[in-house]
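Presented below is the structure to which this report refers.
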Amino acid sequence: VNTFLLEIGLEEMPAQMILPAVEQLKSLAQKTCEKHRLNFNDLKTYSSPRRLAIELSGLPDKENDRKVELKGPPLSVAKDADKNWTKAAEGFARKNNISIQSLETKTIDGKEYLFAQQRELGQPVPELLQESALQWISQLSFPKNMRWGSYRTRYIRPIRWVVSLWNSKVVPIKLEMLVAGNQTRGHRFLSTGYSKIKHASDYEQHLHGLKVIADFEKRRQSIVSQV
(Lines of atoms letter the chains of each structure in order from A and count residues from 1; the text may use other names and numbers.)
(Lines give C-alpha, C1' and ligand atoms only; values in the text may rest on other atoms or scores of the structure.)
Protein backbone atom coordinates (compact mmCIF):
# COMPACT_ATOMS: atom_id res chain seq x y z
CA VAL A 1 0.00 0.00 0.00
CA ASN A 2 1.48 3.33 -1.05
CA THR A 3 1.39 6.24 1.38
CA PHE A 4 2.29 9.86 0.75
CA LEU A 5 3.10 12.27 3.56
CA LEU A 6 3.53 16.03 3.39
CA GLU A 7 4.42 17.98 6.52
CA ILE A 8 4.97 21.74 6.57
CA GLY A 9 7.01 22.72 9.61
CA LEU A 10 6.69 26.32 10.75
CA GLU A 11 7.40 28.67 13.56
CA GLU A 12 4.51 28.67 16.02
CA MET A 13 1.21 29.65 14.38
CA PRO A 14 -1.73 31.43 16.01
CA ALA A 15 -4.12 28.74 17.26
CA GLN A 16 -7.11 30.07 15.31
CA MET A 17 -5.22 29.71 12.00
CA ILE A 18 -4.41 26.01 12.32
CA LEU A 19 -7.68 24.21 11.54
CA PRO A 20 -8.69 26.45 8.61
CA ALA A 21 -5.24 25.88 7.09
CA VAL A 22 -5.35 22.11 7.46
CA GLU A 23 -8.86 22.05 5.93
CA GLN A 24 -7.49 23.97 2.95
CA LEU A 25 -4.67 21.45 2.64
CA LYS A 26 -7.19 18.60 2.68
CA SER A 27 -9.31 20.29 0.00
CA LEU A 28 -6.30 20.89 -2.26
CA ALA A 29 -5.22 17.25 -1.98
CA GLN A 30 -8.74 16.02 -2.77
CA LYS A 31 -8.94 18.25 -5.84
CA THR A 32 -5.59 16.91 -7.07
CA CYS A 33 -6.78 13.33 -6.69
CA GLU A 34 -10.01 14.10 -8.54
CA LYS A 35 -8.19 15.87 -11.35
CA HIS A 36 -5.74 13.02 -11.87
CA ARG A 37 -8.23 10.19 -11.27
CA LEU A 38 -6.37 8.92 -8.21
CA ASN A 39 -8.20 6.58 -5.87
CA PHE A 40 -7.02 6.32 -2.27
CA ASN A 41 -8.10 4.44 0.84
CA ASP A 42 -7.73 7.17 3.43
CA LEU A 43 -6.85 10.83 3.82
CA LYS A 44 -5.75 12.06 7.24
CA THR A 45 -4.78 15.54 8.34
CA TYR A 46 -2.53 16.39 11.25
CA SER A 47 -1.63 19.63 12.92
CA SER A 48 0.00 21.35 15.84
CA PRO A 49 1.15 24.93 16.43
CA ARG A 50 4.32 24.11 14.48
CA ARG A 51 3.04 21.86 11.70
CA LEU A 52 0.41 21.24 9.06
CA ALA A 53 0.40 17.75 7.56
CA ILE A 54 -1.55 15.42 5.32
CA GLU A 55 -1.25 11.67 4.79
CA LEU A 56 -2.77 9.88 1.80
CA SER A 57 -2.78 6.09 1.93
CA GLY A 58 -3.74 3.40 -0.56
CA LEU A 59 -2.52 5.35 -3.57
CA PRO A 60 -1.76 3.62 -6.90
CA ASP A 61 1.71 3.56 -8.45
CA LYS A 62 0.53 5.68 -11.37
CA GLU A 63 -2.58 7.48 -12.51
CA ASN A 64 -4.90 5.64 -14.89
CA ASP A 65 -4.34 5.91 -18.62
CA ARG A 66 -7.09 7.78 -20.43
CA LYS A 67 -8.42 8.21 -23.92
CA VAL A 68 -8.11 11.68 -25.41
CA GLU A 69 -10.19 12.85 -28.36
CA LEU A 70 -8.53 15.55 -30.47
CA LYS A 71 -10.60 17.67 -32.83
CA GLY A 72 -9.16 18.42 -36.26
CA PRO A 73 -10.19 20.39 -39.34
CA PRO A 74 -13.63 20.14 -40.99
CA LEU A 75 -13.95 17.21 -43.40
CA SER A 76 -14.65 19.70 -46.19
CA VAL A 77 -11.11 21.04 -45.69
CA ALA A 78 -9.55 17.63 -44.97
CA LYS A 79 -10.54 16.12 -48.34
CA ASP A 80 -10.46 17.65 -51.80
CA ALA A 81 -13.08 17.36 -54.56
CA ASP A 82 -11.71 13.93 -55.51
CA LYS A 83 -11.99 12.69 -51.89
CA ASN A 84 -8.20 12.66 -51.44
CA TRP A 85 -6.62 13.73 -48.18
CA THR A 86 -5.40 17.32 -48.20
CA LYS A 87 -2.31 18.81 -46.56
CA ALA A 88 -4.57 19.94 -43.70
CA ALA A 89 -5.52 16.32 -42.93
CA GLU A 90 -1.95 15.07 -43.37
CA GLY A 91 -0.66 17.80 -41.07
CA PHE A 92 -3.24 16.98 -38.39
CA ALA A 93 -2.32 13.28 -38.49
CA ARG A 94 1.41 14.04 -38.41
CA LYS A 95 1.04 16.52 -35.54
CA ASN A 96 -0.71 13.87 -33.43
CA ASN A 97 1.63 11.06 -34.50
CA ILE A 98 -1.04 8.76 -35.94
CA SER A 99 -1.65 7.31 -39.39
CA ILE A 100 -4.06 9.21 -41.58
CA GLN A 101 -6.09 6.02 -41.96
CA SER A 102 -6.76 6.08 -38.20
CA LEU A 103 -8.55 9.43 -38.34
CA GLU A 104 -12.25 9.40 -37.55
CA THR A 105 -15.09 11.77 -38.36
CA LYS A 106 -17.75 13.16 -36.08
CA THR A 107 -20.65 15.49 -36.80
CA ILE A 108 -20.94 18.62 -34.67
CA ASP A 109 -23.80 21.05 -35.27
CA GLY A 110 -24.43 19.52 -38.66
CA LYS A 111 -20.79 19.76 -39.78
CA GLU A 112 -18.32 16.87 -40.07
CA TYR A 113 -14.88 17.17 -38.45
CA LEU A 114 -11.81 14.97 -38.28
CA PHE A 115 -10.94 13.49 -34.91
CA ALA A 116 -7.90 11.63 -33.63
CA GLN A 117 -8.16 9.16 -30.74
CA GLN A 118 -5.13 8.92 -28.50
CA ARG A 119 -4.23 7.12 -25.30
CA GLU A 120 -2.62 9.34 -22.69
CA LEU A 121 -0.36 7.33 -20.39
CA GLY A 122 -0.78 7.89 -16.68
CA GLN A 123 1.99 9.69 -14.84
CA PRO A 124 3.81 7.95 -11.96
CA VAL A 125 2.13 9.20 -8.79
CA PRO A 126 5.35 10.24 -6.97
CA GLU A 127 6.22 12.51 -9.92
CA LEU A 128 2.71 13.92 -9.95
CA LEU A 129 2.79 14.61 -6.21
CA GLN A 130 6.21 16.24 -6.46
CA GLU A 131 4.62 19.05 -8.43
CA SER A 132 1.27 19.03 -6.64
CA ALA A 133 2.66 19.17 -3.09
CA LEU A 134 4.59 22.34 -3.87
CA GLN A 135 1.37 23.86 -5.21
CA TRP A 136 -0.51 22.87 -2.05
CA ILE A 137 2.06 24.67 0.07
CA SER A 138 2.02 27.82 -2.03
CA GLN A 139 -1.79 27.91 -2.40
CA LEU A 140 -2.61 27.91 1.31
CA SER A 141 -4.05 31.32 2.15
CA PHE A 142 -4.00 33.12 5.48
CA PRO A 143 -5.50 36.40 6.74
CA LYS A 144 -2.01 37.77 7.38
CA ASN A 145 1.31 36.73 5.88
CA MET A 146 4.94 37.64 6.41
CA ARG A 147 8.29 37.36 4.69
CA TRP A 148 11.44 36.07 6.36
CA GLY A 149 15.13 36.14 5.57
CA SER A 150 15.81 36.37 1.84
CA TYR A 151 12.72 34.31 0.90
CA ARG A 152 10.25 35.80 -1.56
CA THR A 153 7.49 33.52 -0.23
CA ARG A 154 4.93 35.09 2.08
CA TYR A 155 3.39 32.83 4.73
CA ILE A 156 1.60 32.86 8.06
CA ARG A 157 4.93 32.08 9.78
CA PRO A 158 8.41 31.21 8.50
CA ILE A 159 8.62 27.67 7.09
CA ARG A 160 11.52 25.87 8.78
CA TRP A 161 11.28 22.36 7.35
CA VAL A 162 9.25 20.24 4.93
CA VAL A 163 8.77 16.47 4.99
CA SER A 164 7.73 14.90 1.70
CA LEU A 165 7.67 11.10 1.66
CA TRP A 166 6.40 8.44 -0.73
CA ASN A 167 6.49 5.38 1.50
CA SER A 168 10.14 5.49 2.70
CA LYS A 169 11.52 7.61 -0.17
CA VAL A 170 11.85 11.37 -0.14
CA VAL A 171 9.85 13.14 -2.85
CA PRO A 172 12.30 15.92 -3.79
CA ILE A 173 10.43 19.20 -3.67
CA LYS A 174 12.11 22.55 -3.20
CA LEU A 175 10.65 25.76 -1.83
CA GLU A 176 13.20 28.40 -2.77
CA MET A 177 16.25 27.45 -0.65
CA LEU A 178 14.39 24.89 1.47
CA VAL A 179 14.61 21.26 0.28
CA ALA A 180 12.12 18.67 1.55
CA GLY A 181 13.43 15.60 3.34
CA ASN A 182 12.42 13.00 5.92
CA GLN A 183 13.38 14.96 9.04
CA THR A 184 10.70 16.31 11.37
CA ARG A 185 10.77 18.01 14.74
CA GLY A 186 8.92 17.12 17.90
CA HIS A 187 7.57 19.03 20.88
CA ARG A 188 9.19 22.40 21.24
CA PHE A 189 10.29 21.80 24.84
CA LEU A 190 10.06 18.04 25.40
CA SER A 191 12.19 16.91 22.43
CA THR A 192 15.29 18.23 20.74
CA GLY A 193 16.61 18.48 17.21
CA TYR A 194 15.43 16.76 14.06
CA SER A 195 14.19 13.17 13.87
CA LYS A 196 14.06 10.90 10.80
CA ILE A 197 10.71 9.43 9.76
CA LYS A 198 11.39 5.98 8.27
CA HIS A 199 8.06 5.55 6.47
CA ALA A 200 5.19 7.88 5.63
CA SER A 201 2.71 5.61 7.41
CA ASP A 202 4.70 5.90 10.66
CA TYR A 203 4.02 9.63 10.96
CA GLU A 204 1.46 9.83 13.78
CA GLN A 205 3.19 7.19 15.91
CA HIS A 206 6.60 8.75 15.26
CA LEU A 207 5.41 12.15 16.45
CA HIS A 208 3.83 10.58 19.51
CA GLY A 209 7.32 9.40 20.44
CA LEU A 210 8.45 13.00 20.08
CA LYS A 211 5.76 14.13 22.55
CA VAL A 212 3.40 15.51 19.88
CA ILE A 213 -0.24 14.45 19.52
CA ALA A 214 -0.67 15.31 15.85
CA ASP A 215 -4.33 14.28 15.52
CA PHE A 216 -6.45 17.31 16.46
CA GLU A 217 -9.35 15.37 17.95
CA LYS A 218 -7.06 13.13 20.02
CA ARG A 219 -5.21 16.22 21.25
CA ARG A 220 -8.49 17.90 22.20
CA GLN A 221 -9.64 14.81 24.10
CA SER A 222 -6.30 14.63 25.89
CA ILE A 223 -6.63 18.24 27.02
CA VAL A 224 -10.24 17.75 28.15
CA SER A 225 -9.31 14.65 30.16
CA GLN A 226 -6.69 16.65 32.06
CA VAL A 227 -9.09 19.41 33.10
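To convert, note that position 3 of the sequence shown is 530 in my numbering; the numbers rise steadily by one, no gaps. Just so you know, even glycine gets a beta-carbon here, dropped at the ideal spot from N, CA and C.
Between the C-alpha atoms of His563 and Glu590 there is a straight-line separation of about 6 angstroms.
When Pro600, Leu546, Tyr721, Asp742 are compared, the shortest CA-CA separation from Ile635 is found for Pro600.
Per DSSP, the beta-bridge partners of Lys606 are Trp612. Taking 7 angstroms as the cut-off, the Cβ atoms of Glu539 and Arg577 count as close.
Within 10 angstroms of the beta-carbon of Ala620 lie 16 or more other beta-carbons, which makes it buried.
With 16 or more other Cβ atoms from the protein chains shown falling within 10 Å of its own Cβ, Trp693 counts as buried. Rounded to whole angstroms, the Cβ separation of His726 and Ser695 is 5 angstroms, and the two are in contact under 8 angstroms.
Per DSSP, reduced to three states, the secondary structure at Glu703 is coil, with no helix or strand assignment. In terms of Cβ geometry, Phe567 and Leu555 do not form a close pair [threshold 7 angstroms]. Classified as exposed, Tyr721 has fewer than 16 neighbouring CB atoms from the shown chains inside 10 Å of its CB.
Collapsing the DSSP output to three states places Lys745 in a helix. Secondary structure note for Ala580: its beta strand (DSSP E) is the uninterrupted segment 578 to 586.
The Cβ atoms of Ala548 and Leu570 lie no closer than 7 angstroms to each other.
Contact between Gln710 and Val690 is confirmed by a C-beta separation of about 7 angstroms, below the 8 angstroms threshold. C-alpha of Val604 to C-alpha of Gln650: approximately 35 angstroms in a straight line. Cβ contact annotation for Val595 (same chain, cutoff 8 angstroms, sequence separation greater than five): Gln644, Gln645, Arg646, Glu647, in chain order. Here Val706 is exposed, its C-beta having fewer than 16 other C-beta atoms within 10 Å.
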